[in-house]
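**Student:** Going by the numbering used here, the letters in the sequence shown line up with residues 4 to 201, in that order.
For every residue, glycine included, the Cβ atom is placed at its ideal position computed from N, Cα and C.
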Amino acid sequence: MEGLKKVGKFLQNCVELYIPIASFLVMFCVFVIQIVARYVFNNPVPWAYEVTVIGYLWMVVLGACYAYRDRSHVTFTLVYDKLPVKGKAICGFLGNLLMAIAFIVMFVPACQMIGQMKIQVTSVFKIGLNVVYAPFILFMIIILLYILSDMWLEIKVITGIGGEAAVQKMLDETKNETQEAIEAANAQEEAMKKEAEK
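#1: Any idea what DSSP makes of Val77, helix, strand or coil?
#2: Between Cys68 and Ile146, how many whole angstroms is the CB-CB distance? I'm expecting something under 8 Å.
#3: Here's the rule: buried if 16 or more other CB atoms are within 10 angstroms of the residue's CB, otherwise exposed. What is Lys202?
#4: Count the other CB atoms, across all protein chains shown, that sit within 10 Å of the CB of Leu65; report buried if there are 16 or more and exposed otherwise.
#5: Pull up the DSSP beta-bridge partners for Val124, would you.
#6: From this set, Ile144, Asp84, Lys89, which residue's C-alpha is nearest Val18's C-alpha?
#7: By Cβ distance below 7 Å, which residues in the same chain neighbour Asn46 in space, the five residues on each side in sequence not counted?
#8: Figure out for me which residue from Pro49, Glu176, Val43 has the closest Cα to the Cα of His76.
#9: Give me the Cβ distance between Phe139 and Ala103, rounded to the nearest whole Å; I'm assuming they're in contact under 8 Å.
#10: Going by C-alpha distance, which of Leu174, Arg72, Tyr136, Phe110 is nearest Leu60?
Right, dumping it as structure tokens:
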């Protein structure tokens, strides 16, 4: 079982971290090559733009999955932060429900659209646009799984079946940067007090 978890974590990191990192590196290197070719040798390479656009697309779409997992996407929590724990769970559940419905509704049409794009190809490498836009399908699946996981945690908090562990997990996952900074400052202050008492 531990081996399966490691393989799953590795595959998750491949899709959400390693492919976007590789896409960025390829995109950046090709961008530099294009600048040198155009402005130093006065001979632009026609394939550079295509590689840069594809790399950017893959980086952004798959990197967004990691941003969701890491909770590093932008959120507006002015009202949410003022709610009690069950209120936060209900609010989060309703927001996640709307997103889940949107992703489920658009999944089949998006897959059909991307499947039909195989007849169109890129101008230089003649790669089917279905390959270029394929990460969007992965994006929808991964984000939907994260949303459903969040909804299950929120249901456990709302109903109370998760106990204090579920409440604490939800609060930890939804901490904003200000709360994390305050906690870190308080922990540092406590450590300094203990050091001074010695």
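**Tutor:** Let's see:
#1: Numbered from 1 along the sequence shown, position 74 holds the residue referred to as residue 77. Note: Val77 maps to coil in three-state DSSP.
#2: Within the sequence shown, residue 68 is the residue found at index 65, counting from 1. Within the sequence shown, residue 146 is the residue found at index 143, counting from 1. 6 Å between Cβ atoms; contact.
#3: Because the chain spans 4 through 201 in this model, residue 202 falls outside it and cannot be assessed.
#4: Translated into the one-based positions of the sequence shown, residue 65 becomes position 62. Leu65 is buried by the Cβ-count criterion.
#5: If you number the sequence shown from 1, residue 124 lands on position 121. In DSSP, Val124 forms a bridge with Gly131.
#6: Position 15 of the sequence shown, counting from 1, holds the residue named residue 18. Nearest neighbour of Val18 by Cα position, chosen from Ile144, Asp84, Lys89, turns out to be Ile144.
#7: On the sequence shown, position 43 is the one that residue 46 refers to. Answer for Asn46: Ala40, listed in chain order.
#8: As a first step, residue 76 must be located in the sequence shown, where it is residue number 73. Looking at the Cα atoms, Glu176 is the closest of the given residues.
#9: Translated into the one-based positions of the sequence shown, residue 139 becomes position 136. Translated into the one-based positions of the sequence shown, residue 103 becomes position 100. With a Cβ gap of about 17 Å, Phe139 and Ala103 do not count as contacting.
#10: To locate residue 60, count along the sequence shown from 1; it is residue 57. Looking from the CA of Leu60, the closest CA among Leu174, Arg72, Tyr136, Phe110 belongs to Tyr136.
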